[in-house]
Amino acid sequence: MAERRGPCGIGGFGPAGSTGGARAGSSLATGAEPEARARSFGGPANSRWLRLGAMEELDGEPTVTLIPGVNSSKKQMCFDWGPGEMLVCETSFNKKEKSETVPGCPVIYIIRKDVDVYSQILRKLFNESHGIFVGLQRIEEELTGKSRKAHHFIFCRLVRVSKNYRSVIRACMEEMHQVAIAAKDPACSRQFSSQVSILSAMELIWNLCEILFIEVAPAGPLLLHLLDWVRLHVCEVDNLLADVLGSENPRKHESFWKLVTILVLQGRLDEARQMLSKEADSSPTSAGMCRILGDLMRTMPVLSPGTTQTLTELELKWQHWHEECERHLQDGTFASSPHLESLCKIMLGDEAALLEQKELLNNWYHFLVTRLLYSHPTVKPIDLHFYAQSSLDLFLGGESSPEPLDNILMAAFEFDIHQVIKECSIALSNWWFVAHLTDLLDHCKLLQSHNLYFGSNMREFLLLEYASGLFAHHSLWQLGVDYFDYCPELGRVSLELHIERIPLSTEQKALKVLRICEQRQMTEQVRSICKILAMKAVRNNRLGSALSWSIRAKDAAFATLVSDRFLRDYCERGCFSDLDLIDNLGPAMMLSDRLTFLGKYREFHRLYGEKRFVDAASLLLSLMTSQIAPRSFWMTLLTDALPLLEQKQVIFSAEQTYELMRCLEDLTSGRPVHGEPDAQRLQDDDIETTKVEMLRLALARNLARAIIKEGSLEGS
Amino acid sequence: MEEIYAKFVSQKISKTRWRPVPAGSLQTAETFATGSWDNEENRVSLWSIGDFGNLDSDGGFEGDHQLLCDIKHHGDVMDLQFFDQERIVAASSTGSVTLFLHHPNNQTLSVGQQWTAAHYHTSPGSLSCRSAPCTGVVCSNPEIVTVGEDGRINLFRADHKEAVRTIDNADSSTLHAVTFLRTPEILTVNSIGQLKIWDFRQQGNEPSQILSLTGDRVPLHCVDRHPNQQHVVATGGQDGMLSIWDVRQGTMPVSLLKAHEAEMWEVHFHPSNPDHLFTCSEDGSLWHWDASTDAPEKSSLFHEGGRSSIFLFHSISNQANVHQSVISSWLSTDPAKDRIEITSLLPNRTLSVNSLDVLGPCLVCGTDAEAIYVTRQLFS
Numbered sequence: 001m002a003e004r005r006g007p008c009g010i011g012g013f014g015p016a017g018s019t020g021g022a023r024a025g026s027s028l029a030t031g032a033e034p035e036a037r038a039r040s041f042g043g044p045a046n047s048r049w050l051r052l053g054a055m056e057e058l059d060g061e062p063t064v065t066l067i068p069g070v071n072s073s074k075k076q077m078c079f080d081w082g083p084g085e086m087l088v089c090e091t092s093f094n095k096k097e098k099s100e101t102v103p104g105c106p107v108i109y110i111i112r113k114d115v116d117v118y119s120q121i122l123r124k125l126f127n128e129s130h131g132i133f134v135g136l137q138r139i140e141e142e143l144t145g146k147s148r149k150a151h152h153f154i155f156c157r158l159v160r161v162s163k164n165y166r167s168v169i170r171a172c173m174e175e176m177h178q179v180a181i182a183a184k185d186p187a188c189s190r191q192f193s194s195q196v197s198i199l200s201a202m203e204l205i206w207n208l209c210e211i212l213f214i215e216v217a218p219a220g221p222l223l224l225h226l227l228d229w230v231r232l233h234v235c236e237v238d239n240l241l242a243d244v245l246g247s248e249n250p251r252k253h254e255s256f257w258k259l260v261t262i263l264v265l266q267g268r269l270d271e272a273r274q275m276l277s278k279e280a281d282s283s284p285t286s287a288g289m290c291r292i293l294g295d296l297m298r299t300m301p302v303l304s305p306g307t308t309q310t311l312t313e314l315e316l317k318w319q320h321w322h323e324e325c326e327r328h329l330q331d332g333t334f335a336s337s338p339h340l341e342s343l344c345k346i347m348l349g350d351e352a353a354l355l356e357q358k359e360l361l362n363n364w365y366h367f368l369v370t371r372l373l374y375s376h377p378t379v380k381p382i383d384l385h386f387y388a389q390s391s392l393d394l395f396l397g398g399e400s401s402p403e404p405l406d407n408i409l410m411a412a413f414e415f416d417i418h419q420v421i422k423e424c425s426i427a428l429s430n431w432w433f434v435a436h437l438t439d440l441l442d443h444c445k446l447l448q449s450h451n452l453y454f455g456s457n458m459r460e461f462l463l464l465e466y467a468s469g470l471f472a473h474h475s476l477w478q479l480g481v482d483y484f485d486y487c488p489e490l491g492r493v494s495l496e497l498h499i500e501r502i503p504l505s506t507e508q509k510a511l512k513v514l515r516i517c518e519q520r521q522m523t524e525q526v527r528s529i530c531k532i533l534a535m536k537a538v539r540n541n542r543l544g545s546a547l548s549w550s551i552r553a554k555d556a557a558f559a560t561l562v563s564d565r566f567l568r569d570y571c572e573r574g575c576f577s578d579l580d581l582i583d584n585l586g587p588a589m590m591l592s593d594r595l596t597f598l599g600k601y602r603e604f605h606r607l608y609g610e611k612r613f614v615d616a617a618s619l620l621l622s623l624m625t626s627q628i629a630p631r632s633f634w635m636t637l638l639t640d641a642l643p644l645l646e647q648k649q650v651i652f653s654a655e656q657t658y659e660l661m662r663c664l665e666d667l668t669s670g671r672p673v674h675g676e677p678d679a680q681r682l683q684d685d686d687i688e689t690t691k692v693e694m695l696r697l698a699l700a701r702n703l704a705r706a707i708i709k710e711g712s713l714e715g716s
Numbered sequence: 001m002e003e004i005y006a007k008f009v010s011q012k013i014s015k016t017r018w019r020p021v022p023a024g025s026l027q028t029a030e031t032f033a034t035g036s037w038d039n040e041e042n043r044v045s046l047w048s049i050g051d052f053g054n055l056d057s058d059g060g061f062e063g064d065h066q067l068l069c070d071i072k073h074h075g076d077v078m079d080l081q082f083f084d085q086e087r088i089v090a091a092s093s094t095g096s097v098t099l100f101l102h103h104p105n106n107q108t109l110s111v112g113q114q115w116t117a118a119h120y121h122t123s124p125g126s127l128s129c130r131s132a133p134c135t136g137v138v139c140s141n142p143e144i145v146t147v148g149e150d151g152r153i154n155l156f157r158a159d160h161k162e163a164v165r166t167i168d169n170a171d172s173s174t175l176h177a178v179t180f181l182r183t184p185e186i187l188t189v190n191s192i193g194q195l196k197i198w199d200f201r202q203q204g205n206e207p208s209q210i211l212s213l214t215g216d217r218v219p220l221h222c223v224d225r226h227p228n229q230q231h232v233v234a235t236g237g238q239d240g241m242l243s244i245w246d247v248r249q250g251t252m253p254v255s256l257l258k259a260h261e262a263e264m265w266e267v268h269f270h271p272s273n274p275d276h277l278f279t280c281s282e283d284g285s286l287w288h289w290d291a292s293t294d295a296p297e298k299s300s301l302f303h304e305g306g307r308s309s310i311f312l313f314h315s316i317s318n319q320a321n322v323h324q325s326v327i328s329s330w331l332s333t334d335p336a337k338d339r340i341e342i343t344s345l346l347p348n349r350t351l352s353v354n355s356l357d358v359l360g361p362c363l364v365c366g367t368d369a370e371a372i373y374v375t376r377q378l379f380s
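Going down the list, the sequences are from chains Z and B. Position one of the first sequence corresponds to residue 1 (the UniProt record's numbering), numbered consecutively onward. Position one of the second sequence corresponds to residue 1 (the UniProt record's numbering), numbered consecutively onward.
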């Protein structure tokens with residue numbers, strides 16, 4: 001069976017797709033076993049959770065994933081869920097139940113859910129954010145002992161973590177942008193550009209969530225944060241500013257008024273004033289008007305952080321300033337200059353004047369913030385959604401319907417965190433964003449334990465989903481481990497499920513996997529990994545390695561098997577291999593009887609080699625009498641005793657000789673009687689009989705000598 | 001604390017190596033090679049930390065390392081060594097050993113010489129061979145020595161197509177690393193805690209000496225020899241212990257230092273300042289060990305990010321038979337001098353730090369979190 005992997009080709013099963021994963025599945029799998037859905041590993045792979053409140057309806061039409069090369073109208077398909085992937089293949093059944101068996105397509109398709117995991121650039125995002133994620137989980141651990149300032153400490157850390165996540169997104173976005181520019185292939189370039197816009201949207205959403213949910217900015221500072229937010233994301237103005245200022249005569253630059261307007265729209269009044277002063281310097285007719293508008297800009301009351309100014313004071317001052325602007329407009333101060341007049345209207349928060357600048361505002365949330373700046377600078381968080389909704393309606397003006405991004409931002413302005421996460425899950429093509437954002441918000445204690453009707457809570461569900469995606473990847477699986485670690489309910493079982501599927505290509509990789517399992521006391525997995533490696537080693541004829549692995553796994557049965565191989569090799573070749581290991585077994589020898597025997601038998605050979613015959617002899621005998629030696633090996637042991645029996649001095653005592661004789665008789669008497677002896681067996685039997693005869697003779701002679709020796713010693 | 005630059009490179013880094021600077025030159029390190037592992041497509045890459053046309057002196061480009069060139073590598077890069085200025089030897093998990101050539105004029109890499117199936121398993125009862133990962137390589141121009149999971153030692157010469165010498169079944173377990181001791185002698189470490197010395201002048205398949213840790217047979221993963229005192233050897237084990245050996249005497253390590261919490265993947269003496277030693281580990285840490293005696297106010301405290309904790313340190317007393325005129329600071333067993341200052345170089349624990357290399361004031365290391373860290377001010 002060929003395997004066809006499609007990192008980008010067969011993609012499209014993003015979170016959006018799996019919203020209706022069950023349905024997409026069944027449309028793919030006409031006639032396939034219906035249980036396939038139910039078996040989809042305890043729920044997480046099945047994304048029905050998105051129907052949090054209203055269980056009746058789907059949130060969107062599930063996308064249909066077309067698999068190139070598969071003709072589902074002709075052939076029936078079958079599929080099976082994997083932890084992060086799905087296998088699809090054609091069955092040999094035809095749709096029209098004709099029994100002609102056409103040879104099926106010999107291909108199994110692997111459909112991957114999280115295609116973004118395979119992007120080279122996004123890999124940096126995953127790796128870098130992994131470190132931030134782990135740091136965030138450890139905040140509580142670090143906290144012990146700092147209970148007094150704990151609350152503030154955690155708050156600062158959470159904000160910092162959020163900013164770190166954002167800076168990683170930005171770095172990734174910038175790199176993606178560079179690549180998009182450098183790409184020669186236009187299709188490729190488009191693909192990267194679309195990734196850039198996705199990343200940029202992610203950062204925009206995250207930033208807003210940071211302001212509203214994490215920093216929880218109160219009225220006053222809230223607007224300052226929102227202004228920063230808009231300035232950060234509508235950044236074409238900086239290029240324009242450099243362009244205009246760089247020209248010979250900035251005032252004559254075609255975009256001069258455009259620039260000033262944008263600066264005012266973004267509340268960058270100091271810069272706008274400087275531009276106006278350039279205009280005033282060169283055109284004496286409008287100098288007066290420019291100065292007045294400049295003064296209005298300068299005197300606009302703003303909240304300066306760090307002062308003791310109260311909101312009421314600010315509101316009073318602001319009201320006063322607003323009236324002054326109004327008066328100038330009514331007096332027709334700027335009547336002779338349409339540009340200046342329109343600027344003044346903007347500064348009055350005039351909706352019509354603002355909407356005229358739709359082009360420059362780019363989007364409704366810029367409109368919202370500018371509108372708030374010039375009409376409700378002390379807007380309360382709770383009123384935000386009201387202004388947001390009306391801004392969206394005004395800006396779109398019924399011409400177009402809101403896009404997914406608009407819905408997400410709107411949900412954020414409504415402080416509906418669950419809706420934000422839900423919309424993001426549907427709209428974005430990876431789990432990274434929702435998993436990390438939800439985790440962070442959960443650390444801010446913002447998600448009430450929102451238990452799903454299966455599995456665990458939402459945070460854990462999203463983390464599991466993201467980590468499963470990582471595990472499906474050839475090399476990002478190591479990152480997934482830490483995510484599973486911080487899923488208290490199902491993380492452990494998921495890890496156990498996934499870790500067993502990591503291919504162990506080299507011992508080094510196996511050691512890394514082993515370390516992961518050992519650190520988490522996953523004894524079952526440790527045993528299985530060691531066993532796999534031991535088995536591999538046996539197949540490769542590396543008995544020493546095999547033995548080491550079975551010792552590490554404390555696998556007695558396998559140690560016995562390997563020891564038997566060693567002994568068999570010894571019988572065949574007459575010498576031991578892998579002495580460096582067998583001689584250094586130490587206490588590990590006790591793992592299995594056979595291994596003990598192997599170690600002891602080798603020790604006998606060493607003693608014999610060192611000519612310590614008495615020790616060797618008693619060791620040899622004890623191997624048989626203690627029943628450690630397998631019976632099949634006794635003949636070899638007895639044969640090993642022969643040279644000792646034939647030594648000049650008496651080595652086996654009379655008693656020991658009796659023992660040996662008993663062993664020999666046990667062995668020969670227990671032998672089964674063969675029915676129809678063939679030639680080969682006859683010959684074997686012949687050798688055996690000779691051996692036994694020789695042994696009997698040697699034993700008898702030794703017994704005689706021993707009795708004489710012992711008798712004479714006792715006599716003396 | 002030194003400034004350390006990180007760069008994420010979208011591949012898990014298994015090895016990092018500085019390109020040697022020409023002997024006698026005053027140049028500092030500026031090029032290093034990396035190898036990746038566990039990717040669908042692995043690469044050997046060359047990076048430069050040199051300034052690129054003096055990109056702004058105060059900008060962010062200064063510390064960043066830039067990719068010079070890279071080339072596909074079949075299988076995981078298990079080990080990587082510079083053969084000379086222009087040539088790099090890579091050991092592959094597919095059992096092959098490749099000599100890459102670097103062409104500085106057009107910044108490309110090409111395959112110069114390849115020994116496929118340098119390491120392989122023979123299956124019992126059949127003649128077919130299965131490739132075995134080559135785990136370690138060491139070069140001393142013109143010789144290249146490789147070791148592998150198959151327990152085999154190969155001696156290659158850059159200009160020979162075939163192995164000059166092969167020791168089959170040199171080890172019953174996996175050989176993890178190899179280094180030169182003296183010219184015809186090499187030293188290997190294996191997965192049952194043994195250190196074996198091999199002399200290529202001797203025929204036969206037996207090591208000339210075996211040294212081992214007692215008892216537990218803890219696998220050894222890395223080995224490095226003291227650059228000046230060739231009898232002093234440091235090894236790192238699976239339990240994260242650092243062992244210092246004197247290969248002239250005894251069969252046991254001179255001292256055992258409790259170090260990392262997981263496998264120690266690499267240990268390196270500083271080539272020109274050997275009182276300094278560097279280790280990295282699976283637990284995601286990178287340590288700088290300073291045993292120099294001239295450092296004022298030494299304490300055996302362990303510094304990590306401002307916090308310090310008592311460092312556990314014990315040595316196996318073996319001093320009875322140490323009589324030398326020059327005693328290496330690593331072999332010293334005088335309790336008063338038994339003080340080694342240890343600094344953790346990476347700010348945050350990440351995934352495994354697989355490899356490190358030091359040259360002059362520069363250090364480079366690579367991690368499973370797909371980041372390469374470089375610092376150029378080790379001793380500042």
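We put the beta carbon where it would ideally sit given N, CA and C, even for glycine.
inquiry  = Please state whether the Cβ-Cβ distance between L158 (chain Z) and L440 (chain Z) is less than 8 Å.
reply    = yes
ask   = G240 (chain B) and P219 (chain B) look like a contact to me (Cβ under 8 Å); what is the Cβ gap, rounded to whole Å?
value = 12 Å between Cβ atoms; not a contact.
ask   = Hey, out of B:V137, B:I4, B:S10, whose CA is closest to R17 (chain B)'s CA?
value = B:V137
Alpha-carbon to alpha-carbon, W245 (chain B) and Q324 (chain B) = Annotation note: pLDDT 38 at Q324 (chain B) (below 50); position unreliable, coordinate value reported separately. One C-alpha to the other measures close to 15 Å.
task = Name the residue from Z:L645, Z:L265, Z:I67 whose alpha carbon lies nearest to the alpha carbon of D350 (chain Z).
result = Z:L265
query = Using the C-alpha atoms, what's the distance from T98 (chain B) back to G24 (chain B)?
reply = 29 Å
request  = In the DSSP assignment, find the unbroken beta strand (DSSP E) run with Y373 (chain B) in it and report its ends.
outcome  = 371-375
key: Contacts that N540 (chain Z) makes with chain B (C-beta to C-beta distance below 8 Å)   = H121, T122, S123, R130, A132, D150
query = By Cβ distance, which residues of its chain are closer than 8 Å to L620 (chain Z), with the 5 residues on each side in sequence left out?
reply = So the qualifying residues of the chain are F604, L637, D640, A641, L644.
message = Going by C-alpha to C-alpha distance, which of Z:R520, Z:Q519, Z:E500 sits closest to K531 (chain Z)?
response = Z:E500
ask   = Enumerated in chain order, which unbroken segments of the alpha helix (DSSP H) with a length of 4 residues or greater are wholly contained in the region 384-471 of chain Z?
value = 384-396, 404-413, 417-427, 432-443
query = Closest Cβ-Cβ distance between K72 (chain B) and chain Z: below 8 Å?
reply = no
task = Please report the residue range of the beta strand (DSSP E) in which M77 (chain Z) lies.
result = 75-81
key: Residue range of the unbroken beta strand (DSSP E) whose run includes A90 (chain B)   = 87-92
ask   = Taking the Cβ atom as the reference point for each residue, do L392 (chain Z) and V117 (chain Z) lie within a distance shorter than 8 Å?
value = Here L392 (chain Z) is not near V117 (chain Z), since their CB atoms are 8 Å or more apart.
ask   = When you compare each of Z:H339, Z:G599, Z:K691, Z:F213 to A272 (chain Z) by their alpha carbons, which one comes out closest?
value = Z:H339
ask   = Roughly how many angstroms separate the alpha carbons of S14 (chain B) and G75 (chain B), rounded to a whole number?
value = 12 Å
query = Which bits of chain Z does T146 (chain B) rub up against, with CB to CB less than 8 Å?
reply = The contacting residues do not exist; T146 (chain B) stays about 15 Å from chain Z at best.
task = In angstroms with no decimal places, state the Cα-to-Cα distance between F278 (chain B) and L373 (chain Z).
result = Between F278 (chain B) and L373 (chain Z), the alpha-carbon positions lie close to 57 Å from each other.
inquiry  = Short of 6 Å in beta carbon distance, which residues of its chain neighbour L137 (chain Z), apart from the five on each side in sequence? Order them along the chain.
reply    = According to the sequence as given, residue 137 (chain Z) is Gln; it is not Leu. Counting only Cβ-Cβ distances below 6 Å, and skipping sequence neighbours, we find Y486.
query = For the 8 Å Cβ check, are there 3 or more pairs between the region 296-307 of chain Z and the region 240-258 of chain Z?
reply = The region 296-307 of chain Z makes no contact with the region 240-258 of chain Z, as fewer than three CB pairs between them are under 8 Å.
message = Tell me whether the region 555-570 of chain Z and the region 132-150 of chain B touch, counting them as touching only if at least three CB pairs, one residue from each stretch, are closer than 8 Å.
response = The region 555-570 of chain Z is not in contact with the region 132-150 of chain B.
ask   = Of all the CB atoms in chain Z, is at least one closer than 8 Å to the CB of C365 (chain B)?
value = no
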